[in-house]
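Asks:
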Amino acid sequence: MSELDLILFGPPGAGKGTQADRLRDDFQLAFISTGDMLRANVKQGTQLGLEAKKYMDAGELVPDALIVAMAVERLQEEDARDGFILDGFPRTIEQAKALEKQLHDLGRRVTAALLIDVPDVEVIRRLSGRRVCVKEGHNYHIDFDPPRREGVCDQDGSQLVQRDDDKPEVIENRLRVYHENTEPLIEYYDDHGLMRRIDGTRPADDVHDHIRAVIATLRLEENV
Ligand code: ADP
Ligand code: ADP
């Protein structure tokens, strides 16, 4: 018996947050989003938040040393003991190696890396129409997933805003950074036999069904 230690990755705007939200109800796993953790640090004005903000606003990656320390600490928390889904980490080969080492030290390993695959044109369409709620960061899209009342979160009634890094010039940079730094992880996890591809262009419900089916198969294989 082993845990399910899963990585959810893909370009910005692929639907990782949207899917993580849905999977939360399906599986007893810790959901860890490095983007959400960083935004919480920015909001609270911590030292990490202050350092990370300039990279986030520019659509650049936060330096590996900062992000690895934050993620490694989080993985040691109680709720991650029986498995986790990582959203947005690792994003570089160096981060992937640090994760591997940390899990190895805990007698664990990555079960699978799930790639939500979406082409650049769709990323631009999704990110430019994305709106998030100020309270919990729930995701909407002005065309593909509009809230019932314009500008108001269905789930907690808070205001919907556009993220600073969802402005056109920043989106372009985030895509460049993805192709340069994060895409090499596809080959990395392919070589390790851990890669599972999900067609992210389908409607969110279909993507959700596909991911659930993949996780169910992994569970059978891993006997968890
Ligand atoms: P990520 O966490 O990968 O950056 P999000 O989950 O925030 O991506 O999704 C980006 C935007 O695309 C959001 O506005 C979301 O509502 C929308 N979206 C997510 N999944 C889909 C989908 N399958 N089809 C159309 N729009 C989607
Ligand atoms: P998205 O999935 O829409 O790209 P995230 O919420 O995952 O956005 O990340 C927002 C920003 O936080 C990134 O553009 C980057 O600056 C920073 N960030 C999040 N995760 C990482 C990571 N693993 N490594 C470096 N920077 C990160």
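The working numbering applies: residue -4 is where the sequence shown begins, and numbers increase by one. Glycine included, each C-beta is placed from N, C-alpha and C at the ideal position.
1. Should residue 36 be labelled buried (16 or more other beta-carbon atoms within 10 Å of its own) or exposed?
2. Indicate the three-state DSSP secondary structure (helix, strand or coil) for residue 66 in the structure shown.
3. On the CB-based measure, 16 or more other CB atoms within 10 Å of its CB, does residue 58 come out buried or exposed?
4. What distance in whole Å lies between the Cβ atoms of residue 188 and residue 111, which are believed to be in contact at a cut-off of 8 Å?
5. Should residue 76 be flagged as near chain B, meaning a C-beta pair shorter than 8 Å?
6. Let's test the definition: count the other Cβ atoms within 10 Å of the Cβ of residue 172 and tell me whether it reaches 16, buried, or not, exposed.
7. Could you check what DSSP says for residue 100 in three-state terms: helix, strand or coil?
8. Please name the residue or residues paired with residue 4 in a DSSP beta bridge.
9. What span of residues does the beta strand (DSSP E) with residue 78 cover, start to end?
10. With residue 17 as the anchor, note down where its alpha helix (DSSP H) starts and where it stops.
11. Here's the rule I'm using: 16 or more other beta-carbon atoms within 10 Å means buried, otherwise exposed. How should residue 86 be labelled?
12. Can you tell me which of 213, 89, 160 and 94 puts its alpha carbon nearest to the alpha carbon of residue 81?
13. On the premise that residue 66 lies in contact with residue 84, defined as a C-beta separation below 8 Å, what is that separation, rounded to the nearest angstrom?
14. Under the DSSP definition of a beta bridge, which residues are partnered with residue 154?
15. Could you name the residues of the same chain whose beta carbon sits closer than 7 Å to that of residue 122, not counting the 5 residues immediately before and after it, in chain order?
16. Report the option in 208, 217, 12 and 90 whose CA atom is closest to the CA atom of residue 184.
17. Counting C-beta neighbours from all protein chains within 10 Å, is the total for residue 218 16 or more, i.e. buried, or is it exposed?
18. May I have the straight-line CA-CA distance separating residue 18 from residue 134, to the nearest angstrom?
19. Just the Cα atoms here: how many angstroms apart are residue 150 and residue 41?
20. Hey, how far is the Cα of residue -4 from the Cα of residue 77?
21. Using three-state DSSP, classify residue 223 as helix, strand or coil.
22. Just the C-alpha distance for residue 119 and residue 137, rounded to the nearest angstrom, thanks.
23. Got a sec? Which residues, its chain only, sit under 6 Å from residue 25 by beta carbon, not counting five neighbours each side?
24. With residue 127 and residue 155 assumed to form a contact (beta carbons below 8 Å), what rounded beta-carbon distance in angstroms separates them?
Replies: Per the coordinate set shown:
1. Burial is judged here by how many other beta carbons sit within 10 angstroms of a residue's own beta carbon; residue 36 has at least 16 and is buried.
2. helix
3. Its Cβ having fewer than 16 others within 10 Å, residue 58 is exposed.
4. That belief does not hold up - the Cβ atoms of residue 111 and residue 188 are roughly 19 Å apart, past 8 Å.
5. The displayed structure is made up of one protein chain only, and chain B is not part of it.
6. So residue 172 ends up on the buried side.
7. helix
8. 110
9. 78 to 82
10. 11 to 18
11. Buried.
12. Here the closest residue by C-alpha is 94.
13. 5 Å
14. 147
15. 7, 8, 161 and 166
16. In this structure, 90 is the residue among 208, 217, 12 and 90 with its C-alpha nearest to the C-alpha of residue 184.
17. exposed
18. Each residue's Cα considered, the two are about 14 Å apart.
19. 28 Å
20. Annotation note: pLDDT 45 at residue -4 (below 50); position unreliable, no value reported.
21. Any property of residue 223 remains undetermined from this structure, which presents the chain solely from -4 to 219.
22. 13 Å
23. 74, 75 and 79
24. The Cβ separation is near 7 Å, so the contact holds.
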